[in-house]
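So the structure is just underneath, and the comments pick up after that.
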Amino acid sequence: MNRLLIAVICLTLSGCVTIGGEEDLFNENIDTQKETLRRFFSLRQIHKGMTRKEVASILGNKVVVGYELVDSQSGQYKPVTINNPYRVENVQKGSVNYCIDYYLEKIEVQDDIVSDDELVPLVFRDDKLVGQGWDFLKKKIKN
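Each residue of the sequence shown is one higher than the one before, counting from 1143 in my numbering.
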């Protein structure tokens, strides 16, 4: 099952690469796709009971979201990064406090806006991961 999933992801991402004759642009797209795959597989390593520190060590504290042209003559680019978690929220439900870290999962539209559908919420209670994803958040915490 995992091999099939990997094959589907690779085929899907390979369709996103455009070759316009410029090698730098091609390499830039490959690097962005590698970052998307890294985030996907990193999120699969996260499980209940992990501490926030353990999760952060797997997911990292910076995410490459694109590249910016530094010098048009040399064709040199620099990575554009954002902090991860992108947003942190504290929620109290009854007498229980939750910390929700919103990590960038994917970029749906390159519009310089990080929207909720591009984030995955990770819910912590007493510094331990108790759940992840929008369904968990809406059903268990924000209902």
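Yeah, the Cβ is synthetic: ideal placement off N, Cα and C, and Gly gets one too. Here the structure is a predicted model, which means the values were calculated and not measured.
Counted within 10 angstroms of its Cβ, other Cβ atoms place residue i as buried (16 or more) or exposed
{"i": "V1197", "result": "buried"}
{"i": "L1246", "result": "buried"}
{"i": "L1264", "result": "buried"}
{"i": "L1211", "result": "exposed"}
{"i": "D1269", "result": "exposed"}
Residues near residue i in its chain [Cβ-Cβ closer than 7 Å; skip 5 each side]
{"i": "K1282", "result": "G1273"}
{"i": "P1221", "result": "V1206, Y1209"}
{"i": "D1259", "result": "E1250"}
{"i": "K1235", "result": "I1283"}
Secondary structure of residue i, DSSP reduced to three states
{"i": "K1220", "result": "strand"}
{"i": "K1235", "result": "strand"}
{"i": "D1213", "result": "strand"}
{"i": "V1197", "result": "helix"}
{"i": "I1242", "result": "strand"}
{"i": "K1190", "result": "coil"}
{"i": "K1284", "result": "coil"}
{"i": "E1164", "result": "With a pLDDT of only 46 at E1164, under 50, the local geometry of the prediction cannot be trusted, and no value is derived from it."}
Cβ distance (whole Å) where residue i is taken to contact residue j below 8 Å
{"i": "Y1244", "j": "L1261", "result": "4 Å"}
{"i": "N1226", "j": "V1205", "result": "5 Å"}
Own chain partners of residue i with C-beta closer than 8 Å, once the 5 adjacent residues on each side are dropped
{"i": "I1242", "result": "V1230, E1231, N1232, V1233, P1263, L1264, V1265, F1266, L1279, I1283"}
Residues near residue i by beta carbon distance below 6 Å, same chain, minus five either side
{"i": "K1190", "result": "L1271"}
{"i": "Q1086", "result": "One cannot answer for residue 1086 here, as it falls past the ends of the chain, which runs 1143 to 1285."}
Inside the region 1246-1282 only - beta strand (DSSP E) runs reaching at least 3 residues: Taken in chain order, the complete beta strand (DSSP E) segments of 3 or more residues contained in the region 1246-1282 are 1261-1267, 1270-1274.
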